[in-house]
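See structure below.
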Amino acid sequence: MTFSLAGRTALVTGARRGIGAAIAAGYAAAGAELILMARDAALEETLEAIKASGGGEATIITADFADPSAVEATAAELVKTRRIDILVNNAGTIRRAPAAETTTADWQHVIDVNLNSTWAVTRPIGAAMAERRTGKIITIASLLSFQGGITVPAYTASKHAVAGLTRALANEWGPYGVQVNAIAPGYISTDNTTDLRADPAREAAIRDRIPAGRWGRPDDIVGAAVFLASAAADYVNGHVLPVDGGWLAR
516 MTFSLAGRTA
526 LVTGARRGIG
536 AAIAAGYAAA
546 GAELILMARD
556 AALEETLEAI
566 KASGGGEATI
576 ITADFADPSA
586 VEATAAELVK
596 TRRIDILVNN
606 AGTIRRAPAA
616 ETTTADWQHV
626 IDVNLNSTWA
636 VTRPIGAAMA
646 ERRTGKIITI
656 ASLLSFQGGI
666 TVPAYTASKH
676 AVAGLTRALA
686 NEWGPYGVQV
696 NAIAPGYIST
706 DNTTDLRADP
716 AREAAIRDRI
726 PAGRWGRPDD
736 IVGAAVFLAS
746 AAADYVNGHV
756 LPVDGGWLAR
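Under the working numbering, read the sequence shown as residues 516 to 765, first letter to last.
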């Protein structure tokens, strides 16, 4: 029962598809009650996956992650009525262009979605966890929390910042029984990597470097997410866990 999430409520952001949807279904299978926060309420596929995993109805909350102030207000209202035991910050975006061609608007959009809205959700929910002296916070980082990448300067900056925020909050909230960690997925077949997979040369170059010999799938992230949310990870804090098929080892 160490990995059971029964009796716990998990909030997953960016849960409409990809990694967020897979984690939500995995948490349902582990027994958690789900709150899903996404840009719109079109979460039919995620809800079906939750039911298929043995879960019940999930609460859906809409929020525009490009508007951190609105996201913070939504999170602050939520904690007044719901106890959140697990927070997964998965909502994110990417815009690809050489640095010299990246507009300030594009830069700000990526920083707002990936970093500022992560902070906006985490601050009120994490504060409530610290007050109760228990909780798990898991943020989806990236291989570009460790590396520079190519033509994604805002995304790289945001994911480096997410890793730093994870460590800072682990230091501050760890003494209050809250574990704050991150998962750094490798190259996963999601909307964010569509352009890479559509480029034959780039796709092959990426796949050839992965010791596992394939691109990851959203389901490949679920085990790590369940582990970090469970009692099995009660002494894991401030860690950024790569789930990358061995990419960083290469």
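No residue lacks a Cβ here, since even glycine has one placed at the ideal position from N, Cα and C.
Select from the options the residue whose C-alpha is nearest the C-alpha of residue i.
{"i": "Ala545", "options": "Asn696, Val677, Arg523 and Glu559", "result": "Arg523"}
{"i": "Gly457", "options": "Arg648, Pro668, Thr528 and Asp600", "result": "The chain is shown only over 516 to 765; residue 457 falls outside these bounds and no answer can be derived."}
{"i": "Ile575", "options": "Ala676, Asp582, Ser657 and Ile565", "result": "Ile565"}
{"i": "Ile626", "options": "Val603, Ile640, Tyr750 and Thr608", "result": "Thr608"}
{"i": "Ile725", "options": "Phe742, Asp759, Thr709 and Ile736", "result": "Asp759"}
{"i": "Ser657", "options": "Gly701, Glu687 and Asn629", "result": "Gly701"}
{"i": "Asp755", "options": "Ala539, Ala697 and Thr633", "result": "Note that residue 755 is Val in the sequence shown here, rather than Asp. Taking only the C-alpha atoms, the option nearest Val755 is Ala697."}
{"i": "Asp735", "options": "Ile538, Ala521 and Val527", "result": "Ile538"}
{"i": "Ile550", "options": "Gly533, Ala567, Gly571 and Ile534", "result": "Gly571"}
{"i": "Pro733", "options": "Thr528, Ala530 and Ile534", "result": "Ile534"}
For residue i, does the count of other Cβ atoms within 10 angstroms reach 16, so buried, or fall short, so exposed?
{"i": "Glu587", "result": "buried"}
{"i": "Leu763", "result": "exposed"}
{"i": "Thr770", "result": "Past the edges of the chain, shown from 516 to 765, lies residue 770, and the structure says nothing about it."}
{"i": "Tyr542", "result": "buried"}
{"i": "Ala727", "result": "exposed"}
Between the C-alpha atoms of residue i and residue j, what's the straight-line distance to the nearest angstrom?
{"i": "Ser745", "j": "Ala615", "result": "44 Å"}
{"i": "Ala643", "j": "Pro715", "result": "47 Å"}
{"i": "His624", "j": "Thr671", "result": "13 Å"}
{"i": "Trp622", "j": "Ser673", "result": "10 Å"}
{"i": "Ala536", "j": "Ile655", "result": "13 Å"}
{"i": "Ile721", "j": "Gly692", "result": "39 Å"}
{"i": "Ala590", "j": "Ser584", "result": "10 Å"}
{"i": "Asp749", "j": "Val677", "result": "21 Å"}
{"i": "Gly569", "j": "Phe518", "result": "16 Å"}
{"i": "Gln694", "j": "Gln662", "result": "25 Å"}
{"i": "Ala739", "j": "Pro613", "result": "33 Å"}
Based on the DSSP secondary-structure assignment, which residues constitute the bridge partners of residue i?
{"i": "Val741", "result": "Looking at the DSSP assignment, Val741 forms no beta bridge with any residue, so it has no partner."}
{"i": "Ile652", "result": "Leu602 and Val695"}
{"i": "Thr528", "result": "Met552"}
_Start-end ranges of the beta strand (DSSP E) lying completely within the region 597 to 638, minimum 3 residues_ = 601 to 604
*Of all the beta strand (DSSP E) runs that stay within the bounds of the region 551 to 598, which reach a length of 3 or more residues?*
574 to 577
*Pick out the complete alpha helix (DSSP H) segments inside the region 663 to 724, 4 residues or longer, and give them in chain order.*
668 to 688, 709 to 713 and 715 to 724
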